[in-house]
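Some notes on the structure that comes next.
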Amino acid sequence: EAWGGAFRVVCFAQAPLETDIGLDPFIADVAWSWLIDALELRGAHHHSSSGTATKVLSTGFGELAGQSDGAQLEVRASWTPADLDFAAHVEGWSDLVCQLAGLPPTADAVSLLPDLRATRD
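Just add 850 to wherever you are in the sequence shown, counting from 1, and you've got our numbering.
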């Protein structure tokens, strides 16, 4: 078995970036480290991880020339679970998706407080 196990987790996520963040030469490395850290923090024991973290910078031309420049980050990943605790793998992946969406990572012992600021009409 090339995977080294009976199961393989395969995932994909994509998120828009601010253009200046997309220009960061290390953003792909950071995204991959977010994945590995998220899996470790959730206790998702695994091996044979592989994948890509790709940043995409785009500039419109012709009819799209009026649009501002854009940037995206894509993470394509796969790994072999070392045990049958699949919930930990799903939780780790969802933590990565939250980080890509701009939500900071939180520990299980931390409670997030609701936003109590008053809105003005």
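Glycine included, every Cβ here is placed at the ideal spot set by N, Cα and C.
Just so we're clear, the structure is a prediction, and the values are computed from it rather than from any experiment.
Cβ separation of residue i and residue j, assumed to be a contact under 8 Å, to the nearest whole Å
i, j, result
"A881", "L907", "Rounded, the Cβ-Cβ distance is 15 Å, inconsistent with contact."
Residue i, enclosing alpha helix (DSSP H) - first and last residue
i, result
"F936", "936-950"
"L873", "Here L873 belongs to no alpha helix (DSSP H), and DSSP marks it neither H nor E."
Pair within 8 Å by beta-carbon distance, residue i and residue j
i, j, result
"H939", "L889", "yes"
"S899", "W929", "yes"
"K905", "G952", "no"
"G901", "V925", "yes"
"D933", "H895", "yes"
"A915", "L867", "no"
"A856", "A878", "no"
Assigned exposure category for residue i - 16 Cβ within 10 Å defines buried
i, result
"P931", "buried"
"L824", "Since the first residue shown for the chain is 851 and the last is 971, residue 824 is missing from the structure and cannot be characterised."
"V859", "buried"
"A927", "buried"
"A863", "buried"
Limits of the unbroken beta strand (DSSP E) element including residue i
i, result
"Q864", "859-867"
"R926", "920-931"
"L907", "896-908"
Residue-level contact to chain C via CB, residue i, 8 Å cutoff
i, result
"L889", "The structure shown contains no chain C, having only a single protein chain."
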